[in-house]
Amino acid sequence: MVTTSQSANLASTTFAAMSARRVLIFGGIALVAGGMLFGDIFAVFVLHQNGGQTGEALLAASRAAAVGNALAVKDSFQHIGGLLEDHGTKVDAHGHMIGAGYLALMLALLQPYVALPQTKKRLLAWWFVAEGLLLPIGIFLIHYVGLAYSPSSVIGWASVLADSAGAILIAVLAVEAWALWKHFRSGSGDTEPALPRDRRWESRILLSGGTLLVLLGFLYGAYYAAIDLYEHEARETRILKSMVENAISRQGGETTGVADYGSLAAERAVKIAAHAHIIEFGLLAILLSFIQPYVQLRELWKRRWVVVLLAGSVILPAFVPLELKMGLLAGGIADAGGLMVIVALLAMLTGVLRYSGSLDAAAGASE
Amino acid sequence: MNTAQKVLVFGGLTLATFGMLYGLYYALFVEHQTLDRMGSSLASAFVHAAEGHLPEAENAVESYASTKYDYVRQVDVHSHWIGLGMLLILMGAIFDHVAFSLRVRVSIAAALLAGALVFPLGVLFQTLSHGAFFASAAAVLGSTLVTIALAAVVWGLAVKNSETV
């Protein structure tokens, strides 16, 4: 069993200034926190408004169809296309930023087994974090830049930025995988000390709680795929068909059709969000269990932030589906859950910053 | 790193890289065209309705539904392969905290890897032939394998935790 002082010593040797691991841990947490913050801002200020505007545009399209105005139908759908692109690119920017952050944290765990010189490891780490930032920025800009000055009729410059960043991320991952393979083939020792094996309360709770959250997310996803997925697809086709039939027969009912379509879209969105978020938070908790030795906070506060993070990880996915029944109240509680995760994450980042600051100061004093 | 961890880490990195390559290919060559097709099918359904042509309008709705069926699954394949790849890498890192013999851990790792590969592959096959039994069976088999293996990991972690406490 590693004692607390041994664990602290080992932690300091595995967290050298400007090492690849430090870049990946800081960059990874910052990307995850940035992506989550963006998601929370999007949920509060854009998501519902965008959904309302899409519903209005669909209503305008079906009313135009009912009076035989094909030109107005086309205009409405052009507007809907823009709104959906706005929504989709923001969701993707949120998801890709968090995903890149998770991968950065995972690469930090694997650094002892990467058979490369420290300078190359550091370079790869910087490339990964920089491209992990540029990829979501490119995705975010797709809606605003469009096809301006683009030589292609379908792909704009923002897409080029996002795709290039994605390609570089893949290249970095491929080099890391190749270096791992080289390390295991050669059978030589680790290239740097492995992360300290921390078995304290906060690490164990994050590890077990995170794995349990991932399992719950899987079970919920399986339930969704078995019970809801095909029913939702069939219902969408039914609603759209009844909307065009009503328009042709001039029977009215456009508002009901659009309301049904909106309810279906909301039901689908909240269920998928619950599935994705519970797994995401589970992965985050497992990852954070590894960096606890680097979080320089009082023991009590470390435990408090772990509890806040896990509580938020349960509250958000539990209350997102309840938005259908409880409306904005559940939405507000879910957003508060997301904020709890972000605040806990930033608190841990602060702890890691304090740790690295004290480590660098001690190193400076001994020189 | 023991054999189980190597299976998980290499399998995870390979899956994550593969999922990203698939996503890059999809974004460059398929996604924009698919979204255009979806949008134009739905718009033409309402344009046909405005012109009073019911069969054409219904055909356009069917075409929209079919394109969306593919789109949802193709995006799911990309995100699930990367997500499962990350999960495998993480499981590789925590596998020495799981209280089972190495042989059992290797079996769990193999089940996780096989499930993580087969589940999105089954979903991808669903787009080749809508409603094909073998595709859905592969997706169900893969997701069941991953879920059972993950439940075993949770159990192993709980046992190890109780030993530590």
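If you're matching them up, the sequences are chains A and B in order.
Just so you know, numbering that gives the first Met the number 0 puts 96 at position 97 of the first sequence, and the rest follows in order with no gaps.
Just so you know, numbering that gives the first Met the number 0 puts 125 at position 126 of the second sequence, and the rest follows in order with no gaps.
C-beta: ideal position from N, C-alpha, C; glycine also.
Everything numeric in this text was worked out from a predicted model, so none of it was measured.
Residue i (DSSP reduced to helix, strand or coil)
| i | result |
| --- | --- |
| residue 194/A | coil |
| residue 99/B | coil |
| residue 1/A | For residue 1/A, the pLDDT reaches just 47, beneath the cut-off of 50, and the residue's location in the model is therefore unreliable, leaving the point undetermined. |
| residue 46/B | helix |
| residue 6/B | helix |
| residue 52/B | coil |
| residue 229/A | helix |
| residue 185/A | helix |
| residue 320/A | coil |
| residue 150/A | coil |
| residue 239/A | helix |
| residue 160/B | helix |
| residue 199/A | coil |
| residue 17/A | coil |
| residue 65/A | helix |
| residue 187/B | The shown model of chain B, from 0 to 164, leaves out residue 187/B, and the question about it has no answer. |
| residue 130/B | coil |
| residue 56/A | helix |
| residue 113/A | coil |
| residue 151/B | helix |
Cα-Cα separation, residue i to residue j
| i | j | result |
| --- | --- | --- |
| residue 92/A | residue 14/B | 22 Å |
| residue 243/A | residue 70/B | 23 Å |
| residue 311/A | residue 319/A | 12 Å |
| residue 34/A | residue 96/A | 5 Å |
| residue 2/B | residue 20/A | 24 Å |
| residue 159/B | residue 107/B | 16 Å |
| residue 298/A | residue 82/A | 47 Å |
| residue 196/A | residue 171/A | 27 Å |
| residue 24/B | residue 146/A | 20 Å |
| residue 258/A | residue 72/B | 26 Å |
| residue 90/A | residue 38/A | 7 Å |
| residue 1/A | residue 103/B | Because the pLDDT at residue 1/A is just 47, under 50, the model does not fix this residue reliably, and the value given afterwards should be weighed accordingly. Straight-line Cα distance between these residues: approximately 26 Å. |
| residue 189/A | residue 183/A | 9 Å |
| residue 220/A | residue 176/A | 30 Å |
| residue 102/A | residue 137/A | 19 Å |
| residue 332/A | residue 264/A | 21 Å |
| residue 29/A | residue 100/A | 7 Å |
| residue 150/B | residue 213/A | 10 Å |
| residue 36/A | residue 147/B | 33 Å |
| residue 203/A | residue 288/A | 7 Å |
| residue 140/B | residue 117/B | 8 Å |
| residue 360/A | residue 117/A | 22 Å |
| residue 24/A | residue 91/B | 18 Å |
| residue 271/A | residue 209/A | 19 Å |
| residue 330/A | residue 300/A | 28 Å |
| residue 205/A | residue 114/B | 25 Å |
| residue 255/A | residue 246/A | 12 Å |
| residue 338/A | residue 200/A | 24 Å |
| residue 250/A | residue 98/A | 48 Å |
| residue 160/A | residue 30/B | 16 Å |
| residue 64/A | residue 262/A | 22 Å |
First through last residue of the alpha helix (DSSP H) which encompasses residue i
| i | result |
| --- | --- |
| residue 285/A | 253 to 290 |
| residue 105/A | 69 to 109 |
| residue 142/A | 117 to 144 |
Below-7 Å beta-carbon distance, residue i vs any chain D residue
| i | result |
| --- | --- |
| residue 100/A | The chain inventory of the structure shown lacks chain D, comprising the protein chains A and B. |
Distance cut-off 6 Å: residue i Cβ against heavy atoms of the ligand ZN
| i | result |
| --- | --- |
| residue 119/B | This structure lacks the ligand ZN; in fact it carries no ligand of any kind. |
- Query: So, do the region 147 to 154 of chain A and the region 28 to 37 of chain B have three or more beta carbon pairs nearer to each other than 8 Å?
  - Reply: yes
- Message: If the cut-off is 7 Å on Cβ atoms, which residues from the region 199 to 233 of chain A count as contacting chain B, listed in chain order?
- Response: 203, 206, 207, 210, 211, 213, 214, 217, 218, 221, 232
- Item | Inter-stretch contact (C-beta, 8 Å, three-pair minimum) for the region 278 to 298 of chain A and the region 80 to 90 of chain B | yes
- Message: Closer than 7 Å between beta carbons: that is the criterion. Which residues of the region 56 to 83 of chain A meet it against chain B?
- Response: 60, 61, 63, 64, 67, 68, 69, 72, 73, 76, 80
- At least 3 beta-carbon pairs within less than 8 Å: the region 64 to 80 of chain B vs the region 5 to 22 of chain B: yes
- Query: Along the region 308 to 341 of chain A, what residues have a CB closer than 9 Å to any CB found in chain B?
  - Reply: none
- Where the region 105 to 135 of chain A meets chain B: residues whose CB sits under 8 Å from a CB there: 105, 108, 109, 112
- How do the region 40 to 57 of chain A and the region 219 to 228 of chain A stand: do at least 3 beta-carbon pairs fall below 8 Å, yes or no? no
- Message: Pairs of beta-carbons, one from the region 86 to 101 of chain B and one from the region 52 to 69 of chain B, closer than 8 Å: are there three or more?
- Response: no
- Message: So if I threshold CB-CB distances at 9 Å, which residues from the region 52 to 70 of chain B count as touching chain A?
- Response: 52, 53, 56, 57, 59, 60, 61, 63, 64, 67, 68
- Task: Using a Cβ-Cβ cut-off of less than 9 Å, list which residues of the region 8 to 25 of chain B approach chain A; keep chain order.
- Result: 8, 9, 11, 12, 13, 15, 16, 19, 20, 22, 23
- Decide yes or no for the touch test of the region 344 to 354 of chain A against the region 291 to 309 of chain A: beta carbon pairs closer than 8 Å, at least 3 of them. yes
- Message: Tell me which residues of the region 121 to 136 of chain B have at least one Cβ-Cβ distance to chain A shorter than 7 Å, keeping chain order.
- Response: none
- Item | Short-range partners of chain B found in the region 231 to 253 of chain A, where Cβ spacing is below 9 Å | 232, 233, 235, 236, 239, 240, 242, 243, 244, 245, 246, 247, 248
- Item | Contact residues within the region 134 to 162 of chain A, judged by C-beta distance below 7 Å to chain B | 153, 154, 162
- How about the region 38 to 49 of chain B and the region 337 to 350 of chain A: do they share at least three Cβ pairs that are nearer than 8 Å? The answer is no - the region 337 to 350 of chain A does not touch the region 38 to 49 of chain B, with fewer than three Cβ pairs under 8 Å.
- Task: Could you run through the region 167 to 180 of chain A and flag, in chain order, every residue whose CB is less than 9 Å away from some CB of chain B?
- Result: 168, 169, 172, 173, 175, 176, 179, 180
- Could you please tell me which residues of the region 143 to 155 of chain B, in chain order, have their CB closer than 9 Å to any CB of chain A? Cβ contacts with chain A come from 143, 145, 146, 149, 150, 152, 153.
- What are the residues of the region 182 to 193 of chain A that lie near chain B, defined by any Cβ-Cβ distance shorter than 7 Å? For the region 182 to 193 of chain A, which is checked against every Cβ of chain B, the residues closer than 7 Å are 183.
- Message: So if I threshold CB-CB distances at 9 Å, which residues from the region 284 to 297 of chain A count as touching chain B?
- Response: Those would be 285, 286, 288, 289, in chain order.
- Message: Closer than 7 Å between beta carbons: that is the criterion. Which residues of the region 88 to 99 of chain B meet it against chain A?
- Response: 88, 89, 92, 93, 96
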